[in-house]
Amino acid sequence: MALNKSIVFLSLLITVFIFVSLLLLGSYMDLKREEVLNSEFDRMLHDLNEMQSLLLMPDEFTSNVTCIAFREQLNELDSYVWKLGENIDKYRIASEEFYEDEYYFNQKKVFNEYEVQYFLITKRMIEKCDLSKKNILFFYKDSKECGKCDDQSFVLRDINYMNRNNDAEINEVGVFSFDMDLN
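Take the sequence shown: its letters are residues 1 to 183, numbered as in my numbering.
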């Protein structure tokens, strides 16, 4: 009987140790995901501020110089904004308490706000710099309410992927997707 009690006690200790280890590992991974997102949001905000500054530059510099700078900035943003949105969704899925944890919900709201700014700045610069870029706006909801949203998002994801892998100087298509569940 004494042997059974010690085995049960040892089993309990091992179980508690594994459980606590998993909780700590989950918390650590959540913190790392948040650090990655915060860093990417800082980068996006910085790039959006630079683009807004470019909107004011044609008055000070020749329009051609400003448009060249804008193209470079636009390529930079195009290279990671879509991926940032995908990362938020992946991290949301990895976190079981998405709707309980306000962090990811708030980050998705901030991302939507930044993407609206990105779209408006891009639209204005397309007009100023006579770019051939076309924009696609995609408004989506939870797949339970919008059965076709997932299908459409796959098509847009493919268009965006093909566009990013294009060797053109500037991506010809801008895909902007907005989560309507956040409003």
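Glycine included, C-beta positions come from ideal geometry on N, C-alpha and C.
Quick check on the DSSP output: the alpha helix (DSSP H) that includes residue i runs from which residue to which?
i, result
"residue 108", "102 to 129"
Please name the residue, chosen from the options, that lies closest to residue i on a Cα-to-Cα basis.
i, options, result
"residue 112", "123, 32, 26 and 140", "140"
"residue 53", "35, 117, 134 and 17", "117"
"residue 79", "43, 18 and 38", "43"
"residue 86", "68, 114 and 108", "108"
"residue 29", "130, 82, 64 and 91", "91"
"residue 50", "13, 64, 31 and 74", "74"
"residue 131", "71, 24, 18 and 22", "71"
Which residue comes first and which comes last in the beta strand (DSSP E) that contains residue i?
i, result
"residue 137", "134 to 140"
"residue 179", "173 to 179"
Please check the pair residue i and residue j, which I expect to be a contact at CB under 8 Å, by giving their CB distance rounded to whole angstroms.
i, j, result
"residue 48", "residue 124", "12 Å between Cβ atoms; not a contact."
"residue 136", "residue 176", "7 Å"
"residue 88", "residue 37", "7 Å"
Can you give me the Cβ contacts of residue i inside the same chain, cut-off strictly under 6 Å, excluding the 5 residues immediately before and after it?
i, result
"residue 106", "none"
"residue 84", "40"
"residue 114", "44"
"residue 126", "133"
Can you find the residues in the same chain that come closer than 7 Å, C-beta to C-beta, to residue i, ignoring five residues on each side of it along the sequence?
i, result
"residue 103", "34"
"residue 11", "none"
"residue 16", "none"
Within the same chain, show all residues whose beta-carbon is closer than 8 Å to that of residue i, passing over the 5 residues directly before and after it, in chain order.
i, result
"residue 174", "78, 119, 122, 133, 134, 135 and 136"
"residue 76", "47"
"residue 5", "none"
Can you look up residue i in the DSSP assignment and give me helix, strand or coil?
i, result
"residue 98", "With a pLDDT of only 48 at residue 98, under the threshold of 50, the placement of this residue in the model should not be trusted, and no figure is reported."
Mind checking if residue i is an interface residue toward chain D, Cβ cutoff 9 Å exclusive?
i, result
"residue 16", "The question asks about chain D, but that chain is absent: this structure has only one protein chain."
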